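Be aware that the sequence shown starts at 108, since it is given in the numbering used here, and climbs by one per residue. Accompanying notes for the structure given below.
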Amino acid sequence: MVTLALAGCGGPLSTLAPAGEAAQAIATLWWVMLAGSVVIFLGVVGASLLPLVLRRWGVPSARAMLIGGGLVFPGVVLLALLVAALLVGDRLSPRGEPGVLRVEAQAQQWAWTFRYPDLPGQPSIEGVLHVPVGRPFEVQVTSRDVIHSFWAPRLGGKIDAIPGHTNVIRLQADAPGIYRGQCAEFCGNAHAMMDFVVEAHSPADYAAWQAAQGAAE
Ligand SMILES: [Cu+2]
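Shown next, in the form of C-alpha cells:
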C-alpha cells in the first residue's frame, strides 16, 4: 500500500529522487518528517485508546494532558523541526566560496533566460541552464515582470524570482544528465508551460561547451 502510494513520487520533477547535495538534504528532511508524523499519529491514537484499555488504572489528569500534550510535546517537536529546517536551509544558501560558478536566471512571462557573467561573451540562453557536475553553482534569480519561482526539484529547493531584487540559491548536480525545472509560482496564463532544463555536463563536456561559447562570440 505504502509502496503503491510512493510509486507516484518518482519522475523527473520528484523531490524524492535527489541528484545533488541540497536536494538530498531536503529529501532526508521529508523522510524524517514522514516517519516522525507516523510515530506521532500512532502515539495520539494510542493515547486516545489507553483509557479504554487500562480503565482501572485511571487516566491522567486534564492538567497533565494540557501541559504534557498541549505545551511540552508540541514545543519539543516544533523546536526539533525548526533546528532541522534551519540546518537544511543553510545547505541551500550561498556560502561566498571563491571561484564558485555564477549563473543569472531571469524570469519573464513565460520563459527563463540564463546568463553566464563569468564566461567569455557572457552568453544568454533561453530555457537551458548548462552546469558542470560535482561543482556547486549559484543561481542569481530575478524577474522582469511579475513574481515567479525557480525550482529544479531534483537539485534543490525553490526560490522566488522577484522584480527589482535578486535571490541566490546554491545548487549542485552529482551526475551528468538533464534535470527538469519549473516555475513554481502562479504567474499568469502560461505559468504551467514555464519550464526549463538544467543540463549537467561532465567536466570535459562542460569545458567543450564553454569553449564553444567563447568561439561563438
Ligand atoms: Cu512563472
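Positions of the beta carbon are idealized from the N, C-alpha and C atoms, including for glycine. Treat the numbers as computed from the prediction; the structure is a model and nothing was measured.
Around the CB of GLY150, fewer than 16 other CB atoms lie within 10 Å, so the residue is classed as exposed. If you look at ASP197, you'll find it in the alpha helix (DSSP H) that goes 180–199. Judged by beta-carbon spacing, TRP217 lies within the 9 Å limit of GLY295, meaning their Cβ atoms are closer than that value. Taking PRO167 as the centre and dropping the five residues before and after it, the same chain places the C-beta of GLY175 closer than 8 Å to its C-beta, in chain order. Cβ contact annotation for PRO270 (same chain, cutoff 6 Å, sequence separation greater than five): SER250, in chain order. Within the same chain, ILE254, HIS255, SER256 come within 6 Å of GLU292 by CB-CB distance, once the 5 residues on both sides are set aside.
In the three-state reduction of the DSSP assignment, ALA134 falls in the helix class, which pools H, G and I. In the three-state reduction of the DSSP assignment, GLU128 falls in the helix class, which pools H, G and I. Taking PHE180 as reference, the option from SER144, VAL195, LEU161 with the minimal CA-CA separation is SER144. With contacts defined by Cβ atoms closer than 9 Å, GLY284 and LEU236 do not form a contacting pair. Around the beta carbon of PRO125, a 10 Å sphere encloses 16 or more other beta carbons of the protein chains shown; the residue is thus reported as buried. Placement of the Cβ of TRP316 at a distance of 8 Å or more from every heavy atom of ligand 1 is found. Fully contained in the stretch 220–294 are the following beta strand (DSSP E) runs of length 3 or more, in chain order: 231–233, 235–239, 244–250, 255–257, 266–268, 274–278, 284–289.
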